[in-house]
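What follows is one structure encoded as structure tokens, with my remarks underneath.
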Amino acid sequence: MSASSNLRALLHLLRVHGQAVEADLQRYYNVDYRDRWRRHSDGVRRLTLRRIWVLLSHLPPDSAIAAIERDGQMWWSLEAHLLDDVRMTIEAVNTEKGKPKPRPHPDRRKKAGKRKVTDAGRRRKLAAARRRARDRRRRREAGDL
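When you read off a place in the sequence shown, starting at 1, and then add 38, the result is the number in the numbering used here.
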């Protein structure tokens, strides 16, 4: 990313999500965002756009800015995933047969499912490839290959 596009992105972020930027700078770095407009005795700004960019670029995943980038989706740490796995295991063990299995927590990201083949031509090609693979597997098991 070029310096000019970084600057544009930063200015857009400051304009649209200024409160989240201010909160994150204060929370994680104890930096007062108002220092952007304050100057030292020699006239140099106390908080430059470059420093803001560097600090924001290295925020942890649970910051307000990171949540905005994830469209408000909650961030799960490794510990949260492990605890949810333990919860699901305990529920599965305690669930009687015939009852539905435990579902993952709603905030947990979904696993990518199989892609659906919508094009008829692709569907035919996929079916033909599966037939060839099945035939090849049968011949290998029969000892012909």
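We treat Cβ as the ideally placed atom computed from N, Cα and C, and that holds for glycine.
>> Going by DSSP, what residue range makes up the alpha helix (DSSP H) through L63?
In response: First-last of the alpha helix (DSSP H) with L63: 56 to 67.
> Which residue comes first and which comes last in the alpha helix (DSSP H) that contains D123?
Replying inline: Per DSSP, D123 is one residue of the alpha helix (DSSP H) stretching across 116 to 132.
>> Please return the same chain residues whose Cβ sits closer than 7 angstroms to the Cβ of R77, not counting the five positions on each side in sequence.
In response: For R77, where only same-chain residues beyond five positions count, the Cβ hits under 7 angstroms are R83, R84.
> Per DSSP, which one or two residues make a beta bridge with R77?
Replying inline: Per DSSP, the beta bridge partners of R77 are R83.
>> Is D157 a contact residue of the ligand GDP, with contact defined as CB to any heavy atom under 6 angstroms?
In response: The model depicted lacks the ligand GDP and carries no ligand whatsoever.
> In angstroms, rounded to a whole number, what distance separates the CA positions of R48 and Y67?
Replying inline: In the sequence under discussion, the amino acid at residue 48 is Leu, which differs from the Arg named in the question. Straight-line spacing of the CA atoms in L48 and Y67 works out to 18 angstroms.
>> Is it buried or exposed, I128, if we count other Cβ atoms within 10 angstroms and call 16 or more buried?
In response: Looking at its Cβ environment, which holds fewer than 16 other Cβ atoms inside 10 Å, I128 is exposed.
>> Would D62 and I103 be called neighbours here (beta carbons separated by less than 7 angstroms)?
In response: Using a Cβ distance threshold of 7 angstroms, D62 and I103 count as a contacting pair.
> From which residue to which residue does the alpha helix (DSSP H) around D173 run?
Replying inline: Note, D173: alpha helix (DSSP H), 158 to 180.
> Mind checking S101: buried by the 16 CB within 10 Å criterion, or exposed?
Replying inline: Under this definition S101 is a buried residue.
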